[in-house]
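Student: Numbering (the working numbering), first residue to last: 839 to 966. Each residue gets a CB set at the ideal place from its N, CA and C atoms; glycine is no exception. Could you have a look at this structure, given as structure tokens, before my questions?
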């Protein structure tokens, strides 16, 4: 029951923050992708609240927090987080709703109460 409530809150937050999620290059041409670790991770949902960033990402059953890296860059009015996958999940137990990954602002080097946006594209959860 708690996981359903958590998922509902995260999905509602995703709807509210979807205007913040865009994919932009930080550097001209292919330099942007070449200078960042791993690959851009499509997300199912994200919530930024209580000085935490909570992402729901795809998983084949083995995704761990250490498989992802949040790249934080300063923006005019706060910070921008881009979640990147640095290790592929090669397991075979697909988690249709994804899995929750959480970082505190302290872990991310973001000041408490700061304004934050996310640049990852959204991936719809497969229908059952």
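Within the continuous beta strand (DSSP E) that includes residue 906, where are the two ends?
Tutor: That run of the beta strand (DSSP E) goes 906 to 913.
Student: On the CB-based measure, 16 or more other CB atoms within 10 Å of its CB, does residue 873 come out buried or exposed?
Tutor: exposed
Student: Taking the alpha carbon of residue 967 as the reference point, which residue from 940, 896, 886 and 887 has its own alpha carbon closest?
Tutor: This structure gives no information on residue 967, because the portion of the chain shown stretches from 839 to 966.
Student: Beta-carbon within less than 8 Å of residue 785's beta-carbon, same chain only, minus the 5 sequence neighbours each way: which residues are those?
Tutor: The question about residue 785 has no answer, for the chain in this structure spans 839 to 966.
Student: Helix or strand or just coil, what does DSSP make of residue 938?
Tutor: strand
Student: Between residue 938 and residue 909, which are expected to be in contact by the criterion C-beta below 8 Å, what is the C-beta distance as a whole number of angstroms?
Tutor: Actually they are not in contact, since the Cβ atoms of residue 938 and residue 909 sit about 19 Å apart, beyond 8 Å.
Student: Which residue comes first and which comes last in the alpha helix (DSSP H) that contains residue 946?
Tutor: 943 to 946
Student: Within 10 angstroms of its Cβ, does residue 887 collect 16 or more other Cβ (buried), or is it exposed?
Tutor: exposed
Student: Please check the pair residue 922 and residue 946, which I expect to be a contact at CB under 8 Å, by giving their CB distance rounded to whole angstroms.
Tutor: 13 Å between Cβ atoms; not a contact.
Student: For residue 896, which of helix, strand or coil comes out of DSSP?
Tutor: coil
Student: Between which two residues does the beta strand (DSSP E) containing residue 954 stretch?
Tutor: 954 to 956
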